[in-house]
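One point on numbering: in the numbering used here, the residue at position 52 of the sequence shown is 1080, and numbering is uninterrupted.
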Amino acid sequence: MARKRRRNSSALLAMAALAGCCLPAQAAIIGTCSIMIGASGTMTANPAIGILGSKQAGGSSASATVVASSLLCSLLNLLDCYSVSASAPAAFSSAPSGGGTNVTFASVFRLDGSGVDNNGGVPQRVANGTHPMQIDLTATKSSGIFPAGNYQGIVTVLCE
């Protein structure tokens, strides 16, 4: 009888070891960061028609809301578990003929209603919670002027 127990115990131990190494790993979600896109911005030209920007007279900022939530950050009482950025495009997504040549782009964003412009490509840390963003894009033509027409530039907002 004792011999059977040993065999059963060995078999159970082998099955447990096999199950432990070959079962799918369980994972817990420890954080999320959501971005909700709000209003599109409007870019207007400066008087010399060499700059298009949402900060020019008559322009308006785009908006988004970032909601960061991290269990680890809450448990460890950390204030900066996620970072947000709003990178400028490399080119217009649409522009009239000649409108996209010799153009450089820059973006800035503001968080939580502050008046402080953050460089769009430089991530800024955010605490858990809801963070409204205002985003501005500027396109500068190094030579010539922007031809008349419709332009569209897309800023990429990231939360990492």
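Yeah, the Cβ is synthetic: ideal placement off N, Cα and C, and Gly gets one too.
Residue i classed as buried or exposed, judged by whether at least 16 other C-beta atoms fall within 10 angstroms
i, result
"Thr1184", "exposed"
"Leu1207", "The displayed coordinates of the chain run from 1029 to 1188. Any statement about residue 1207 would go beyond what the structure contains."
"Gln1162", "buried"
"Asn1156", "buried"
"Ser1205", "Because the chain spans 1029 through 1188 in this model, residue 1205 falls outside it and cannot be assessed."
"Asn1130", "exposed"
"Val1144", "exposed"
"Ile1077", "exposed"
"Ala1119", "exposed"
"Asn1178", "exposed"
"Ala1067", "exposed"
Residue i to residue j span [Cα, whole Å]
i, j, result
"Ala1114", "Pro1151", "8 Å"
"Ile1182", "Leu1100", "33 Å"
"Gly1172", "Gly1069", "24 Å"
"Ile1058", "Lys1169", "45 Å"
"Gly1148", "Gly1086", "21 Å"
"Gly1126", "Ala1176", "10 Å"
"Ser1088", "Cys1109", "30 Å"
"Val1112", "Ala1167", "22 Å"
"Thr1132", "Gln1084", "16 Å"
"Gln1180", "Thr1158", "28 Å"
"Asp1140", "Gly1128", "33 Å"
"Val1154", "Ala1096", "7 Å"
"Ala1123", "Leu1080", "12 Å"
"Thr1093", "Ala1116", "18 Å"
"Thr1072", "Phe1174", "11 Å"
"Glu1188", "Pro1075", "38 Å"
"Ser1121", "Ser1098", "34 Å"
"Asn1146", "Pro1160", "14 Å"
"Ser1142", "Ala1090", "15 Å"
Identified DSSP bridge partners for residue i
i, result
"Phe1137", "Asn1146 and Ile1163"
"Leu1080", "Ala1073 and Ala1167"
"Val1183", "According to DSSP, which records beta bridges pairwise, Val1183 is partnered with nothing at all."
"Gly1059", "Ser1098"
"Ala1092", "Ile1065 and Met1161"
"Ser1121", "According to DSSP, Ser1121 bridges with nothing at all."
At least 3 beta-carbon pairs within less than 8 Å: the stretch 1126–1144 vs the stretch 1058–1076: Not touching, per the Cβ criterion.
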